Amino acid sequence: MSFLQCCFLLTVLCSTTGTLNSVAWYYQYSVPVLQLSQFDVVVVSPSSNLNPATVTGTTKYFAYASLGEVNSKEPYYKDVPKSWIVASNDVWGTYVINVSVPAYADFFATKVVGPQWTRGYRGFFFDTMDSYERYATTSADQAKQQAGIVNIIKAVKAHYPNASLIFNRGFEIMPQVHDVVFAVAFESLYASWDNAAKKYVAVDPDNRSQLLAKVKEIKELDPNIPFISIEYCSPTPANNTCQQNAIENVKAQGVIPYVADGLLMTIGRST
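Residues -18 to -1, 1 to 253 (mature numbering (1 follows the signal peptide of the UniProt record, and there is no 0)) are what the sequence shown spells out, left to right.
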């Protein structure tokens, strides 16, 4: 069977089941649409060369959007009031935003999501949803930040009612927003990436148990929400065992796996 025939068969299978089976994150500038057509959903960088309005087929493309942090290279960075920046994330070279600022909700909807909606994206992956934990240390402060995130999501849905949203974590706010989420992703049940040390590491069993407890809690709240675990293994053929073990272990937990390199710059593997 040729590659094109395989892609067609996978597309038919996914479209007939009507469920989310496979996902990918791909942050290179040049997006290989044909190779990525094997996935139901693909998250890409908003600075990529993809024109979502011209993509055919059943694969849904989601644009990355950092909800709780901002990079100085982003075109909207110049419009972010400096008073909104409350901390820095030196590991990734970004700035943490006070998401409880009332004006930030509309700013995020119009300045961050808006341009990508205009380009043709109808799905968005919200990252850095827990960055407030870097500066909000008390329960009261964290509750204030969580309320701010809920307001941000409401603002996005008010501007773009048909937008599909994937959250990176956001466990604490799920009771308020579970009815508007397309899927919930998180990083590393089994295989992780340490960006500071630039190395792949195994996940501590206690951390895995905590994540699975969160998944169980939210599934009890809303059993229809798909969960995705992004796992990190070296993309070299020598690490095929790491990749396959991660896929099988994640699937065994009732979670959709995606396994790729630490920076999500190569096409990985899913279900």
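Backbone N, C-alpha and C define an ideal beta-carbon position, used for all residues, glycine too.
All values derive from a computational prediction rather than experimental measurement.
- DSSP places F89 in the uninterrupted alpha helix (DSSP H) bounded by P84 to F89.
- DSSP places E169 in the strand class (E or B) of the three-state scheme.
- Per the DSSP secondary-structure output, W66 pairs with nothing in a beta bridge.
- Excluding five sequence positions before and after H160, the CB atoms of its chain that fall closer than 8 Å to its own CB belong to I200, L203, D204 and I207, given in chain order.
- Considered as a whole, the region 96 to 169 harbours 96 to 101, 121 to 141 and 156 to 159 as its complete alpha helix (DSSP H) runs of no fewer than 4 residues, in chain order.
- Closest by C-alpha distance to E56, out of V73, P28 and T41, is P28.
- Of the other Cβ atoms in all chains shown, 16 or more fall within 10 Å of the Cβ of Q225; this residue is therefore buried.
- Between the alpha carbons of A118 and Y46 lies a gap of roughly 24 Å.
- Buried is the label assigned to N133, since at least 16 other Cβ atoms lie within 10 Å of its Cβ.
- Beyond the five residues adjoining it in sequence on each side, D61 comes within less than 8 Å, by CB distance, of F89 and K93 in the same chain, given in chain order.
- Counting C-beta pairs with one atom in each stretch, the region 210 to 217 and the region 235 to 246 have three or more that are closer than 8 Å, which means they touch.
- The alpha-carbon of V183 is positioned some 7 Å away from that of D176.
- Buried is the label assigned to L171, since at least 16 other Cβ atoms lie within 10 Å of its Cβ.
- Around the CB of K198, fewer than 16 other CB atoms lie within 10 Å, so the residue is classed as exposed.
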